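J.: If you read the protein sequences in the order shown, they are chains A and B.
Residue numbering for the first sequence follows the UniProt record's numbering, beginning at 1 and increasing consecutively.
Residue numbering for the second sequence follows the UniProt record's numbering, beginning at 1 and increasing consecutively.
There are 2 protein chains.
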Amino acid sequence: MASKLASSNNYSLLLQNPHHNHRGAAGTNNHLRPSAASSPKIKPLSLRCATTAAASPIPAHVGEERIFNFAAGPATLPANVLKKAESELYNWRGSGMSVMEMSHRGKEFLSIIQKAESDLRSLLNIPEDYSVLFLQGGATTQFAAIPLNLCSPDDSVDFVVTGSWGDKAYKESQKYCKPKLIWSGKSDKYTSIPSFDTLEQSSGAKYLHICANETIHGVEFKDYPNPKNGILVADMSSNFCSKPVDVSKFGIIYAGAQKNVGPSGVTIVIIRKDLIGNAQGITPVMLDYKIHAENNSLYNTPPCYGIYMCGLVFEDLVAQGGLEEVEKKNKKKGELLYNAIEESNGFYRNPVEKSVRSLMNVPFTMEKSELEAEFIKEAVKEKMVQLKGHRSVGGMRASIYNAMPYEGVEKLVAFMKEFQAKHA
Amino acid sequence: MASKLASSNNYSLLLQNPHHNHRGAAGTNNHLRPSAASSPKIKPLSLRCATTAAASPIPAHVGEERIFNFAAGPATLPANVLKKAESELYNWRGSGMSVMEMSHRGKEFLSIIQKAESDLRSLLNIPEDYSVLFLQGGATTQFAAIPLNLCSPDDSVDFVVTGSWGDKAYKESQKYCKPKLIWSGKSDKYTSIPSFDTLEQSSGAKYLHICANETIHGVEFKDYPNPKNGILVADMSSNFCSKPVDVSKFGIIYAGAQKNVGPSGVTIVIIRKDLIGNAQGITPVMLDYKIHAENNSLYNTPPCYGIYMCGLVFEDLVAQGGLEEVEKKNKKKGELLYNAIEESNGFYRNPVEKSVRSLMNVPFTMEKSELEAEFIKEAVKEKMVQLKGHRSVGGMRASIYNAMPYEGVEKLVAFMKEFQAKHA
Chain A
1 MASKLASSNN YSLLLQNPHH NHRGAAGTNN HLRPSAASSP KIKPLSLRCA
51 TTAAASPIPA HVGEERIFNF AAGPATLPAN VLKKAESELY NWRGSGMSVM
101 EMSHRGKEFL SIIQKAESDL RSLLNIPEDY SVLFLQGGAT TQFAAIPLNL
151 CSPDDSVDFV VTGSWGDKAY KESQKYCKPK LIWSGKSDKY TSIPSFDTLE
201 QSSGAKYLHI CANETIHGVE FKDYPNPKNG ILVADMSSNF CSKPVDVSKF
251 GIIYAGAQKN VGPSGVTIVI IRKDLIGNAQ GITPVMLDYK IHAENNSLYN
301 TPPCYGIYMC GLVFEDLVAQ GGLEEVEKKN KKKGELLYNA IEESNGFYRN
351 PVEKSVRSLM NVPFTMEKSE LEAEFIKEAV KEKMVQLKGH RSVGGMRASI
401 YNAMPYEGVE KLVAFMKEFQ AKHA
Chain B
1 MASKLASSNN YSLLLQNPHH NHRGAAGTNN HLRPSAASSP KIKPLSLRCA
51 TTAAASPIPA HVGEERIFNF AAGPATLPAN VLKKAESELY NWRGSGMSVM
101 EMSHRGKEFL SIIQKAESDL RSLLNIPEDY SVLFLQGGAT TQFAAIPLNL
151 CSPDDSVDFV VTGSWGDKAY KESQKYCKPK LIWSGKSDKY TSIPSFDTLE
201 QSSGAKYLHI CANETIHGVE FKDYPNPKNG ILVADMSSNF CSKPVDVSKF
251 GIIYAGAQKN VGPSGVTIVI IRKDLIGNAQ GITPVMLDYK IHAENNSLYN
301 TPPCYGIYMC GLVFEDLVAQ GGLEEVEKKN KKKGELLYNA IEESNGFYRN
351 PVEKSVRSLM NVPFTMEKSE LEAEFIKEAV KEKMVQLKGH RSVGGMRASI
401 YNAMPYEGVE KLVAFMKEFQ AKHA
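Structure follows, in C-alpha cells:
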C-alpha cells in the first residue's frame with residue numbers, strides 16, 4: 001500500500017516524529033538503549049531528541065500512514081498503546097526479555113497480570129466478592145463453560161436472544177442444560193430489545209442470559225433486566241469497558257478482549273465467587289472456573305502477551321479518566337454517525353430501533369443497494385477499511401470501539417456526505 | 001536492571017546499532033517511515049543508514065542487555081524474530097495496522113496464517129491427509145479434546161506415562177473414555193522410558209498416548225512406539241520442531257507453542273483427516289476438531305498475534321536450513337551441558353537414564369543440595385535466569401530450546417565449573 005515510502009530507509013523521520021517517544025515518560029524505549037556490544041567500526045552520531053519528542057501536540061493516531069480500521073474485531077487499538085508495546089517488545093523495562101519470553105510464574109509477569117487485574121477492577125469498580133479470570137478460547141468457549149459450571153443437566157435457564165451471538169450461546173447451552181428461549185428478535189431481523197417486564201421467566205431458571213451488545217446486528221442493551229429467578233449472565237464482548245457497568249447486578253460478565261481491550265486470544269470472565277465450584281463432572285478442566293479462580297488464572301500457561309496488551313489498554317483507559325469519560329467520547333462518536341444516517345433522507349439506513357442502537361457497531365445499508373460495493377471500495381482508497389457488513393446481513397458496518405478516534409468517525413461521515421452528493 | 005542506560009535518550013545508538021535493522025531486507029521498519037502528517041515545525045535531519053545497518057556481523061542475541069533465559073516456557077525466542085516483530089508492530093508491512101488490529105477474515109491476516117501453515121508443513125513435511133489447526137487453551141485443553149473427538153465413553157485407550165504431563169493427560173481422559181495406564185515411570189520418579197515391545201496393549205484401544213518430551217522430568221522419546229491397536233497420539237509441546245519427525249507415524253501431534261515456536265496462547269494440532277468428525281455429543285464446539293478443520297482455524301477469532309509470531313519463528317527455522325540443522329544445534333548444546341554434568345564427579349547430577357535424556361529440558365541437582373539456592377542466585381547475577389527446578393522435583397532445570405544460543409549453554413557450563421571450583 002505504501003511501498004514507495006517503505007523503500008526509503010530514511011532515519012530523519014524518527015528524529016522528527018514525536019510519536020516515536022509518545023509515552024516517553026512511561027516507556028523505556030529499550031531499543032534505543034546503548035548497547036554494550038555495539039560495533040567499534042561504526043562511529044556513533046549523537047543526537048539528543050528528548051525535547052523535540054515532547055514538543056509536538058500531534059495526536060498519536062495521525063501519521064505513519066495509519067489507516068482508520070472499522071473492523072468488528074480484532075479491531076483498532078489505541079495508537080499510544082501500540083507505541084508503548086513497540087518500545088518494550090524486545091526488552092521489557094530492563095528485564096532483558098520480551099514479555100513473550102517471560103515465565104508466567106516469574107515476578108515480572110506476575111507484576112503484569114496483577115496490575116492488569118487491579119486496573120480492570122478499578123475501571124469497573126468490581127466488588128471484592130467477584131473473581132476476575134483471564135482465560136482463552138473466546139466467548140464461544142464460555143457458551144459451554146457457563147452452563148457446565150452453573151447447571152446440572154436438567155436445570156432450566158432462560159435466554160433473551162437479540163442477535164446472532166446470543167443465538168449461538170443458546171444453541172451451545174443445549175448440550176449441558178435445558179435452556180428456554182423466552183424471547184427472540186429473529187423474526188424481526190434482530191432490530192429490537194423487548195421490555196423484560198412483559199416476559200415470562202421459567203420458574204427455577206438458574207440464570208438469564210443476554211448478549212449486552214450484538215456485534216453483527218448493532219443492538220445494545222441500554223439498561224439491564226432484573227431476573228426474578230436466578231442470576232443475570234451477560235456476554236459483553238463487544239461493549240466491554242465502553243461505559244460504566246454495575247457489576248453487582250450480574251452473576252457473570254464475560255468478554256473476548258479483541259473489540260475494546262486488547263488483541264484476540266484473551267477472554268475475561270468476571271464471576272461472583274459463590275457461583276464457583278459446582279461444575280458438572282464432564283467439564284474439561286480448562287473450562288472449570290474453580291481451577292482458574294484457585295490458581296489466579298495460572299493453572300496452565302495463560303496467553304501472557306495478550307494479557308500484557310490488555311493491561312496497557314486498561315492503563316490507558318484509567319489515564320483517560322475512567323469509563324465515564326470513555327462513555328462520553330463513545331456517545332459523541334455514535335451521535336455523529338447516527339445523525340449522518342438520519343439526515344441522509346433515506347440514502348443511508350439503519351434498521352435498529354432508535355432506543356437500542358449500539359454505540360459500538362453501526363450497521364447500515366443504502367437505498368440503492370447496488371452502490372454499496374462502490375462505497376466500500378472508495379472508502380478503502382481514502383484509507384478507511386473493513387466497512388463491509390457481516391455476510392449474514394450485508395450492507396456496511398462501522399465498528400467504532402473505544403480506540404476509534406473521533407477524527408475517524410468525522411472522516412467517515414464526511415465521506416458518506418460526499419458519496420451521497422455524488423450519487424444522489 | 002539497566003536503569004542508568006535506559007534514562008539516556010540518546011538516538012545515536014539506533015544509528016550505530018546493527019541489530020535494529022538486523023532483518024532489514026525482510027522487515028520494513030515501518031516506524032521509520034516518512035509520515036504524511038509530520039510536524040512542519042520540526043526540521044527533519046536526514047541520515048541514510050541502510051549500508052551501516054547491514055554491515056555488522058554481531059549476532060542479534062548479543063547486546064541491549066539481553067539475558068539468557070532458561071525458562072521452561074514461555075521461553076526465550078530468537079532475537080532476530082523479536083526484532084522483526086518490533087519493526088512491524090505498529091504498522092505491518094505498510095498495511096497501516098498492527099497485526100493485533102487486523103480482522104481475522106481480512107486478506108492481510110489470511111496471508112499470515114496461510115504462510116505460517118505452509119512453512120510448518122514444509123518444516124515437518126506434513127502429509128496432505130493431515131490437517132493443521134491453530135487453537136487455544138494449551139495442551140491441557142487437548143487432554144480433553146482428544147478423547148472427546150476420538151472415543152465413545154466406553155472406548156479403551158492406552159497411556160504410557162513418563163512424567164507429570166502424561167499423567168495429567170491420563171487423568172483428564174478418564175472423564176470421556178476408559179483409559180488404561182499400561183506403563184508408568186512414577187515409582188521410578190520418571191527417569192526412564194520402557195521398551196514398548198514388552199508392554200501389553202489393550203485390545204481395541206483407540207489410541208496410545210505418549211508425551212514425547214516431559215518438560216519437568218527431562219525425559220524424551222528418541223524413537224516412537226508402533227501401537228498394535230489404534231493410533232499414536234503425542235503431546236509434543238516441549239520438543240515440537242526441535243528435530244525432524246515422521247508425522248505419518250502419528251494420528252495426532254499436538255503442542256503448546258510457548259516452548260519452541262512462539263508465545264503462549266497458541267496450540268497447534270496436527271491430525272490425520274480421517275480421525276475428524278466423530279466428536280461426542282457433549283463436546284464443546286470449541287473442542288470439536290471438525291469445526292476448526294472445516295473453518296481453517298477461523299471458526300471464531302483465533303489468537304492472531306500469537307499465530308503471527310509462530311509464523312515468524314517457522315520462517316526463521318526454514319531459513320536456518322530446516323529441522324535437520326536445528327537438531328544438529330540442539331544436539332551440540334545438549335552434549336555440552338550433559339557432559340559438564342557427567343564430568344563434575346557427582347557435584348552435579350542428572351537422574352535420567354542416559355539414552356532418553358531430553359535435549360530440551362535438563363534438570364539437575366547437586367550433591368550438596370544446600371548449595372542449590374546459592375547457585376540459582378549467583379546465576380541471576382550473571383544474567384542467567386529461570387534456572388530453578390520445578391517445585392515438584394527441586395534442584396535446577398536448564399531449558400535449552402531451539403532459541404537458546406550455543407553461547408548461552410557455554411556461559412552456563414563455564415559458570416557451573418567456576419561454581420564447582422569455588423565450592424568443591
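Heads up, the beta-carbon is just placed ideally off N, CA and C, and yes, glycines get one too.
Because the structure is a prediction, the values reported are computed rather than measured.
#1: Against chain A, which members of the region 378-405 of chain B pass a CB distance test of less than 7 Å?
#2: If we call anything under 8 Å between Cβ atoms a contact, is F250 (chain A) one with L120 (chain A)?
#3: Can you pull the chain A residues whose beta carbon is under 7 Å from the beta carbon of P74 (chain B), in chain order?
#4: For a contact defined as C-beta to C-beta under 8 Å, what are the partners of I282 (chain B) on chain A?
#5: Of the residues A:S95, A:C151, A:Q114, which one's Cα is nearest the Cα of L298 (chain A)?
#6: Thinking just about the alpha-carbon of each residue, which of A:L287, A:T162, A:V157 is nearest to the one in K228 (chain A)?
#7: Does A373 (chain A) have its Cβ less than 8 Å from a Cβ in chain B?
#8: Which parts of the region 66-132 of chain A are runs of the alpha helix (DSSP H), unbroken and 4 residues or longer, counting only runs that do not cross its ends?
#9: Three or more C-beta pairs closer than 8 Å, one from the region 184-196 of chain A and one from the region 228-248 of chain A: is that the case here?
#10: Measure from the C-beta of E418 (chain A) to each C-beta in chain B and report whether the shortest distance is under 8 Å.
#11: Would you verify that the beta carbon of S264 (chain A) is, or is not, closer than 8 Å to some beta carbon of chain B?
#12: If you run the structure through DSSP and keep just helix, strand and coil, what is E374 (chain A)?
#13: Tell me the rounded alpha-carbon separation between Y254 (chain A) and C211 (chain A).
#14: With DSSP as the reference, label K388 (chain B) as helix, strand or coil.
#15: On the DSSP bridge list, what partners appear for G138 (chain B)?
#16: Tell me where the alpha helix (DSSP H) around D167 (chain A) begins and ends.
#17: Please check if any C-beta of chain B sits within less than 8 Å of the C-beta of M1 (chain A).
#18: Under 8 Å, do M100 (chain A) and P147 (chain B) count as touching if we go by C-beta distance?
#19: Return yes when the Cβ of V285 (chain B) is within less than 8 Å of the Cβ of T140 (chain A), no when it is not.
#20: Taking only beta-carbon positions, decide if K83 (chain B) is within less than 8 Å of chain A.
#21: Tell me whether C151 (chain A), by its Cβ, gets closer than 7 Å to a heavy atom of the ligand MG.
#22: Within the same chain, show all residues whose beta-carbon is closer than 7 Å to that of residue 496 (chain A), passing over the 5 residues directly before and after it, in chain order.
#23: Is residue 425 (chain B) helix, strand or coil when you go by DSSP?
#24: Roughly how many whole angstroms lie between the Cα atoms of S122 (chain B) and I271 (chain A)?
#25: Count the other CB atoms, across all protein chains shown, that sit within 10 Å of the CB of Q174 (chain B); report buried if there are 16 or more and exposed otherwise.
#26: If the cut is a Cβ gap below 7 Å, which residues of chain A does L77 (chain B) touch?
#27: Locate the alpha helix (DSSP H) running through D316 (chain A), then write down its first and last residues.
#28: Give the residues of chain A in contact with V285 (chain B), contact being defined as C-beta atoms less than 8 Å apart.
#29: Give the residues of chain A in contact with L89 (chain B), contact being defined as C-beta atoms less than 8 Å apart.
#30: Strictly below 9 Å CB to CB, what residues from chain A border M366 (chain B)?
#31: Terminal residues of the continuous beta strand (DSSP E) containing Y254 (chain A)?
#32: Return yes when the Cβ of L82 (chain A) is within less than 8 Å of the Cβ of Y207 (chain B), no when it is not.
#33: Could you please give the first and the last residue of the uninterrupted beta strand (DSSP E) stretch that includes F240 (chain A)?
#34: From K417 (chain B) to N69 (chain A), what does the alpha carbon distance come to, in whole angstroms?
#35: Considering just the uninterrupted stretch of the beta strand (DSSP E) at F415 (chain B), what are its terminal residues?
#36: State buried or exposed for K43 (chain A), treating a residue as buried only when at least 16 other CB atoms are found within 10 Å of its CB.
T.: Here's the rundown:
#1: Cβ contacts with chain A come from K383, Q386.
#2: no
#3: M100, E101, M102, S103, H104, T301, C304
#4: K175, Y176, I282
#5: A:Q114
#6: Of A:L287, A:T162, A:V157, the residue nearest in Cα terms is A:V157.
#7: no
#8: 79-88, 107-124
#9: no
#10: no
#11: yes
#12: helix
#13: 10 Å
#14: strand
#15: For G138 (chain B), no pairing in a beta bridge is given by DSSP.
#16: 164-173
#17: At M1 (chain A) the pLDDT is 33, less than 50, meaning the model places this residue with poor confidence; the figure from the coordinates comes in the next sentence. Yes, because at least one Cβ of chain B sits closer than 8 Å to the Cβ of M1 (chain A).
#18: no
#19: yes
#20: yes
#21: You won't find the ligand MG in this model; it holds no ligand whatsoever.
#22: Outside the displayed range of chain A (1 to 424) lies residue 496 (chain A), so it cannot be described from this structure.
#23: Because residue 425 (chain B) is not part of the residues shown, which for chain B are 1 to 424, the question remains open.
#24: Rounded to the nearest angstrom, the two C-alpha atoms are 44 Å apart.
#25: exposed
#26: S98, M100, E101
#27: 304-319
#28: T140, F143, A144, E172
#29: L82, A85, E86, L89
#30: Result: empty, since nearest Cβ-Cβ is about 22 Å, beyond 9 Å.
#31: Per DSSP, the continuous beta strand (DSSP E) segment holding Y254 (chain A) begins and ends at 252-256.
#32: no
#33: First-last for F240 (chain A): undefined, no H or E at that position.
#34: One alpha carbon belongs to K417 (chain B), the other to N69 (chain A), and they sit about 56 Å apart.
#35: F415 (chain B) -> not in any beta strand (DSSP E); alpha helix (DSSP H) instead, spanning 406-423.
#36: With a pLDDT of only 38 at K43 (chain A), under the threshold of 50, the placement of this residue in the model should not be trusted; the figure read from the coordinates follows. Counting Cβ neighbours within 10 Å, K43 (chain A) comes out exposed, since fewer than 16 surround it.
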